[in-house]
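Colleague: One structure, as structure tokens, below. Some questions next.
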Amino acid sequence: MSETDGSGTVYGTRRSGPPRDPVLLVAAAVGLAGVLAGVLFATGLLGGGDDPPPTPVAGSPTSAAPSPSESFTPQTVESPEPTSTPTPSPTPAEPDPNTGPKVLRGVGSGLCLGLDGDGERAVAKLAGCTGGPEQQWVVNPFGPDTVTLTNGAHNQCLDVEGRSGDDGARLQQFGCHGEDNQQWRLQPTGDGTVLVVAVHSGKCAQVRDGGGEAGTDVVQAPCDGNPAQRWAPQ
Numbered sequence: 001m002s003e004t005d006g007s008g009t010v011y012g013t014r015r016s017g018p019p020r021d022p023v024l025l026v027a028a029a030v031g032l033a034g035v036l037a038g039v040l041f042a043t044g045l046l047g048g049g050d051d052p053p054p055t056p057v058a059g060s061p062t063s064a065a066p067s068p069s070e071s072f073t074p075q076t077v078e079s080p081e082p083t084s085t086p087t088p089s090p091t092p093a094e095p096d097p098n099t100g101p102k103v104l105r106g107v108g109s110g111l112c113l114g115l116d117g118d119g120e121r122a123v124a125k126l127a128g129c130t131g132g133p134e135q136q137w138v139v140n141p142f143g144p145d146t147v148t149l150t151n152g153a154h155n156q157c158l159d160v161e162g163r164s165g166d167d168g169a170r171l172q173q174f175g176c177h178g179e180d181n182q183q184w185r186l187q188p189t190g191d192g193t194v195l196v197v198a199v200h201s202g203k204c205a206q207v208r209d210g211g212g213e214a215g216t217d218v219v220q221a222p223c224d225g226n227p228a229q230r231w232a233p234q
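Residue numbers for the sequence shown follow full-length UniProt numbering, beginning at 1 and rising by one.
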């Protein structure tokens, strides 16, 4: 719109400008700031929080996410199985040298314990050593330290006649019954010979009167270990 002054000069139309009121200016500035803040907040430039992670560039290696630390489980070390030591086998007991068939050789005479016959009650006598069955006496364990003496030829036992306890009672063979006048102790003397001790009387088998001739009777007598009482089992 044209305006004229008082002299009639025509001026061009005045352009409208921004409001010059300071209050309006402040209000406009605040409004503009609010709009800018909203835009910035919407684009993620303001605020901090839950932004989505940036998209990795194609072709670039991605780092593997660290896995949670695995709990450490200690490994149990097994002890080696103990080596078992084999149990040694027991040593077999050595056979008793005074068991089984034995020939009894008299130390004083050098002759052997034999018989004057083959029947029951045949008398024990000295005889020249032949080693035959009639001179073999089978030593059979009977008790803890006692034996019986069974003739190898006749299967009868050495016996004190009549179960006598007298000195000089004869020895004989008799059917085996196991009574104490048929039980004997073979008592070592320390030189490899033995005393043949009758269990019932405690007396020893001895050549009568210490004789040394074949055919001499064998009787019981008090034990003193003289050569006529010592016998070498063979």
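Positions of the beta carbon are idealized from the N, C-alpha and C atoms, including for glycine. Keep in mind it's a predicted model, so treat the numbers as computed, not measured.
Any chance the stretch 206-217 sits against the stretch 178-192, with 3 or more Cβ pairs inside 8 angstroms?
Modeller: The stretch 206-217 is not in contact with the stretch 178-192.
Colleague: What's the gap between the Cα of residue 268 and the Cα of W231?
Modeller: Outside the shown range of the chain (1 to 234) lies residue 268, about which nothing can therefore be said.
Colleague: Among the candidates G131, A205, V107, whose CA atom is the shortest distance from the CA of L171?
Modeller: Start at 1 with the first residue of the sequence shown, and residue 171 comes out as number 171. Of G131, A205, V107, the residue nearest in Cα terms is A205.
Colleague: Determine which residues share a DSSP beta bridge with N155 and list them.
Modeller: The residue labelled residue 155 in the question sits at position 155 within the sequence shown. None, per the DSSP bridge assignment.
Colleague: Kindly indicate the opening and closing residues of the beta strand (DSSP E) around K125.
Modeller: Counting from one through the sequence shown, the residue named residue 125 turns up at place 125. It spans 124-127 - the beta strand (DSSP E) in which K125 sits, taken as one unbroken run.
Colleague: What residues in its chain sit with their C-beta under 6 angstroms from that of V197, if we drop five residues either side in the sequence?
Modeller: Here residue 197 corresponds to residue number 197 of the sequence shown, with the count starting at 1. Correct list, in chain order: R185, Q187, C204.
Colleague: Return the residue from the list V147, H200, G132 that minimises the CA-CA distance to N181.
Modeller: For the purposes of this step, residue 181 is taken as residue 181 along the sequence shown, with counting starting at 1. Cα-wise, what sits closest to N181 is H200.
Colleague: Take the Cβ of E134 as the centre, count every other Cβ of all protein chains shown within 10 Å, and call the residue buried at 16 or more, exposed below.
Modeller: Translated into positions along the sequence shown, residue 134 becomes position 134. So E134 ends up on the buried side.
Colleague: Bridge partners for R170 per DSSP, in chain order?
Modeller: Counted from its first residue, the sequence shown places residue 170 at position 170. V219.
Colleague: Thinking Q229 and L195 are a contact (beta carbons under 8 angstroms), I'd like their distance in whole angstroms, please.
Modeller: Along the sequence shown, one-based indexing puts residue 229 at 229. Along the sequence shown, one-based indexing puts residue 195 at 195. Between L195 and Q229 the Cβ distance is about 6 angstroms, and since that is below 8 angstroms, they are a contact.
Colleague: Excluding sequence positions up to five away, which residues of its chain have a Cβ less than 7 angstroms from the Cβ of P222?
Modeller: What you label residue 222 is simply residue 222 of the sequence shown in a count that begins at 1. Within the same chain, P222 has close Cβ partners D167, K203.
Colleague: Quick check on this structure: which residue in C157, T193, A169 has the alpha carbon closest to the alpha carbon of G178?
Modeller: In the sequence shown, counting from the first residue as 1, residue 178 sits at position 178. Comparing Cα-Cα distances from G178 to each of C157, T193, A169, the minimum goes to C157.
Colleague: Suppose the cutoff is 7 angstroms on Cβ atoms and the five residues either side in sequence are ignored; what does the same chain contact list for T193 look like?
Modeller: Walking along the sequence shown from the start, residue 193 turns up at place 193. Excluding positions up to five away in sequence, the list reads V107, R230, W231, A232.
Colleague: Would you report the Cα separation of L104 and N151, rounded to the nearest angstrom?
Modeller: Counted from its first residue, the sequence shown places residue 104 at position 104. Counted from its first residue, the sequence shown places residue 151 at position 151. Between L104 and N151, the C-alpha separation is close to 12 angstroms.
Colleague: Under a three-way DSSP split, which group does Q183 fall into?
Modeller: Within the sequence shown, numbered from 1, the residue matching residue 183 stands at position 183. Correct three-state label for Q183: coil.
Colleague: Here's a check: name, in chain order, each residue in its chain whose Cβ is nearer than 7 angstroms to the Cβ of N140, leaving out the five neighbours to either side.
Modeller: Taking the sequence shown and counting its residues from 1, the one referred to as residue 140 is at position 140. V147, T148, T150, listed in sequence order.
Colleague: Using the DSSP secondary-structure output, state which residues sit across from P141 in a beta bridge.
Modeller: Residue mapping note: residue 141 aligns to position 141 of the sequence shown, counting from 1. BP columns for P141 point to V147.
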